[in-house]
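When we follow the numbering used here, the leftmost residue of the sequence shown carries the number 1, and every step to the right adds one. All residues carry an ideal CB built from backbone N, CA and C; glycine is no exception.
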Amino acid sequence: MFENNGADEIYGFALYSDEGAMTVCPSTNTLKHLTTVDQDDLVYHKFEPAEWKYEGIGADKEIEEICTELRTELEENEYLDNDEYNEEWFLKFQSQLYETCIEVLEKLKNENFFKQIVGKDIFLIFTVTDYEFKAKDLKNIIERLNENDYKTEYVNWMKTWR
Numbered sequence: 001m002f003e004n005n006g007a008d009e010i011y012g013f014a015l016y017s018d019e020g021a022m023t024v025c026p027s028t029n030t031l032k033h034l035t036t037v038d039q040d041d042l043v044y045h046k047f048e049p050a051e052w053k054y055e056g057i058g059a060d061k062e063i064e065e066i067c068t069e070l071r072t073e074l075e076e077n078e079y080l081d082n083d084e085y086n087e088e089w090f091l092k093f094q095s096q097l098y099e100t101c102i103e104v105l106e107k108l109k110n111e112n113f114f115k116q117i118v119g120k121d122i123f124l125i126f127t128v129t130d131y132e133f134k135a136k137d138l139k140n141i142i143e144r145l146n147e148n149d150y151k152t153e154y155v156n157w158m159k160t161w162r
């Protein structure tokens, strides 16, 4: 991603999943892309991975392998196509997947992975499509993954939500 788009100033990276815990995908955004969005909604576009330029792009082979493993696990536990699935098992699986994604991002942050590549700290987030974390949980994720001005800006933005 950086080799092809580093000149566009990458500032954000996300991992996201879905409520069914069947996917994990990356999303990356650049400062250059932010100049092309509606400036009235700049903060939203800045922090919402679904709106980012490189949403779902990157590490295609590796991501597909992860998604295949997730679907296989769900199938083996008879979650897919089963109206009477074990909800307790699924919620544990879902929670473990989400926490693992956050831990991966946290590890990359702690190892200065992005700082070594991009040359600065960037905004990191984990999200789930069609799902809203409780505000306190989302704030904890942001604070855990960011020790920079993006953290402050995001938390202040959260205060404007109703």
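In the three-state DSSP reduction, Phe-114 falls in the helix class (H, G or I).
DSSP, read as helix, strand or coil, puts Asn-156 in helix. Between Thr-129 and Glu-19, the gap from beta carbon to beta carbon is short of 9 Å. For His-45 against Leu-34, the beta-carbon gap comes to about 6 Å, under 8 Å, which counts as contact. Relative to the Cα of Tyr-11, the nearest Cα in the group Glu-65, Glu-55, Glu-88, Phe-114 belongs to Phe-114. Glu-103 carries a helical assignment under DSSP once its states are collapsed to helix, strand and coil. If you draw a straight line from the Cα of Val-24 to the Cα of Trp-89, it is about 19 Å long.
Sixteen is the threshold: since fewer than 16 other Cβ atoms of the shown chains lie within 10 Å of the Cβ of Leu-42, the residue is exposed. Between Glu-55 and Asn-86, the alpha-carbon positions lie close to 32 Å from each other.
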